[in-house]
Amino acid sequence: MQTQFDTEAQLIQEVSNNPGVIRTYLEGMVPSLLSFLVQLIVAILVLLIGSRIIKFLLKLLRKSLDRSRVETGVVTFLCSLVKYSLYFMLAMIILAQFGVTTSSVVAVLGSAGLTLGLALQGSLSNFAGGVLILLLKPFVVGDYIVDGATGQEGTVSAITIFYTKLLTIDNRIIMIPNGTLSNSSITNASHMEKRRIDLLIGVSYEANLAEVKQVLAEVVKKQEKVLPDEQVDIYVSELADSSVQMGVRVWVKNEDYWPTRWKMTEEIKNALDESKISIPFPQMDVTIKNQ
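Throughout the sequence shown, residue numbering follows my numbering, covering 2 to 292 in sequence.
Written out as structure tokens, the structure reads:
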């Protein structure tokens with residue numbers, strides 16, 4: 002401790018005897034400070050110019066892909082991938098202005114790779130899932146899908162690097178991780194041009210089945226959206242506990258599925274009422290035995 006005090010006292014004495022030492026030290030800092038300011042200004046200019054160039058390149062890439070009629074999901078995914086890659090390169094250029102070499106950054110990233118891999122395991126899985134979705138194309142933007150793992154459903158509005166965005170029929174946005182979608186069963190209700198409507202209608206056991214079939218056939222004939230070249234099936238599906246289950250199968254274009262289904266259901270109910278054919282509700286016969 003005494004030695005430290007002696008050293009400090011000696012330095013103070015030298016500064017007192019030679020005041021030019023501080024001036025010389027400050028003058029020596031000026032070039033370093035100016036050099037740092039120049040590097041900082043250059044880095045800011047590189048950031049501003051680089052950002053503008055990246056935005057221009059992304060805009061050019063998007064226009065080129067749109068002209069090539071590439072699917073919207075692929076366009077979004079590629080633009081996101083190119084965007085992050087270019088900004089990473091820009092960051093490397095800026096760091097180089099301060100004397101940080103690329104090899105040093107790579108070494109740091111390499112040493113932290115295992116830790117980052119474990120921490121970002123879910124994100125990497127989503128990234129890989131996004132690549133698989135774009136390559137295998139189980140669905141594209143605009144398709145109506147149902148996720149078997151989560152039960153979520155909606156129209157695909159965007160496919161990004163990590164998530165797929167669904168728009169529900171009540172105008173909600175659902176973000177589903179690509180890793181989940183790529184590892185689950187997916188029902189694509191929009192992939193095919195036509196779709197079959199299956200209806201089950203319960204009628205009373207007292208009803209005349211031939212008459213019921215005739216009523217159902219008349220309703221089907223009135224449907225303008227039913228495809229005339231496809232087979233129409235009207236059949237007895239099941240003898241249930243409280244009713245005879247009648248089945249109706251018709252084919253329509255995909256976009257006409259729900260409007261036609263709703264319209265047919267309503268018109269079948271009205272037609273059965275007009276023909277005095279009852280639609281029974283579940284009932285139970287109870288027998289009371291006298292003791």
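A virtual CB, placed ideally from N, CA and C, is assigned to each residue, including glycine.
Which of helix, strand or coil does DSSP assign to residue i?
{"i": "Met-176", "result": "strand"}
{"i": "Tyr-206", "result": "coil"}
{"i": "Ile-289", "result": "coil"}
{"i": "Leu-228", "result": "coil"}
{"i": "Ala-150", "result": "coil"}
{"i": "Lys-214", "result": "helix"}
{"i": "Glu-239", "result": "strand"}
{"i": "Ala-190", "result": "coil"}
{"i": "Gly-131", "result": "helix"}
{"i": "Val-251", "result": "strand"}
{"i": "Ile-280", "result": "coil"}
{"i": "Val-43", "result": "helix"}
{"i": "Val-245", "result": "strand"}
{"i": "Asp-67", "result": "helix"}
{"i": "Pro-139", "result": "coil"}
{"i": "Ile-162", "result": "coil"}
{"i": "Gly-51", "result": "helix"}
{"i": "Lys-270", "result": "helix"}
{"i": "Phe-99", "result": "coil"}
If you draw a straight line from the C-alpha of residue i to the C-alpha of residue j, how long is it?
{"i": "Arg-63", "j": "Val-76", "result": "7 Å"}
{"i": "Asp-144", "j": "Ile-289", "result": "57 Å"}
{"i": "Ile-50", "j": "Leu-136", "result": "34 Å"}
{"i": "Gly-155", "j": "Val-253", "result": "20 Å"}
{"i": "Leu-168", "j": "Glu-267", "result": "28 Å"}
{"i": "Leu-38", "j": "Val-47", "result": "14 Å"}
{"i": "Thr-261", "j": "Val-141", "result": "25 Å"}
{"i": "Ala-208", "j": "Val-287", "result": "23 Å"}
{"i": "Ile-187", "j": "Pro-139", "result": "8 Å"}
{"i": "Arg-250", "j": "Glu-256", "result": "17 Å"}
{"i": "Phe-89", "j": "Leu-82", "result": "11 Å"}
{"i": "Lys-195", "j": "Tyr-206", "result": "34 Å"}
{"i": "Asp-199", "j": "Ser-52", "result": "55 Å"}
{"i": "Ser-126", "j": "Ala-190", "result": "26 Å"}
{"i": "Val-245", "j": "Asp-230", "result": "29 Å"}
{"i": "Ile-134", "j": "Ser-65", "result": "22 Å"}
{"i": "Ile-45", "j": "Cys-80", "result": "25 Å"}
Determine the closest residue to residue i out of the options, with distance taken between C-alpha atoms.
{"i": "Thr-151", "options": "Ser-185, Phe-99, Glu-225", "result": "Ser-185"}
{"i": "Asp-171", "options": "Arg-53, Leu-49, Gln-153", "result": "Gln-153"}
{"i": "Pro-354", "options": "Ala-44, Val-220, Phe-78, Ala-241", "result": "What is shown of the chain runs 2 to 292, which leaves residue 354 out entirely."}
{"i": "Ile-162", "options": "Leu-35, Thr-73, Glu-256", "result": "Thr-73"}
{"i": "Lys-84", "options": "Leu-61, Asp-234, Leu-96, Asp-67", "result": "Leu-61"}
{"i": "Phe-128", "options": "Arg-53, Ala-159, Ile-174, Tyr-164", "result": "Tyr-164"}
{"i": "Ser-124", "options": "Ile-177, Val-227, Gly-203", "result": "Ile-177"}
{"i": "Ser-158", "options": "Gly-149, Val-204, Ile-175", "result": "Ile-175"}
{"i": "His-192", "options": "Glu-231, Phe-89, Ile-146, Pro-229", "result": "Ile-146"}
{"i": "Phe-78", "options": "Val-204, Phe-89, Tyr-88, Gly-131", "result": "Gly-131"}
{"i": "Leu-91", "options": "Ile-54, Cys-80, Arg-68", "result": "Ile-54"}
{"i": "Glu-239", "options": "Arg-173, Val-227, Glu-231, Leu-201", "result": "Leu-201"}
Is residue i near the ligand NAD, going by C-beta to nearest heavy atom under 7 Å?
{"i": "Phe-89", "result": "Absence of the ligand NAD from the depicted structure is noted, as is the absence of any ligand whatsoever, leaving it without description."}
According to DSSP, which residues form a beta bridge with residue i?
{"i": "Val-157", "result": "Leu-167"}
{"i": "Lys-195", "result": "Lys-254"}
{"i": "Tyr-145", "result": "Thr-156"}
{"i": "Leu-200", "result": "Val-249"}
{"i": "Asp-234", "result": "Arg-250"}
Practice task
Please determine if the region 264 to 278 and the region 208 to 219 are in contact, where contact requires at least 3 C-beta pairs separated by less than 8 Å.
Solution key: yes
Practice task
Decide if the region 87 to 100 is in contact with the region 165 to 184; the criterion is three or more beta carbon pairs, one per stretch, under 8 Å apart.
Solution key: no
Exercise for the section: Flag this pair as touching only if the region 216 to 231 and the region 261 to 272 have three or more C-beta atom pairs under 8 Å; answer yes or no. Expected result: yes
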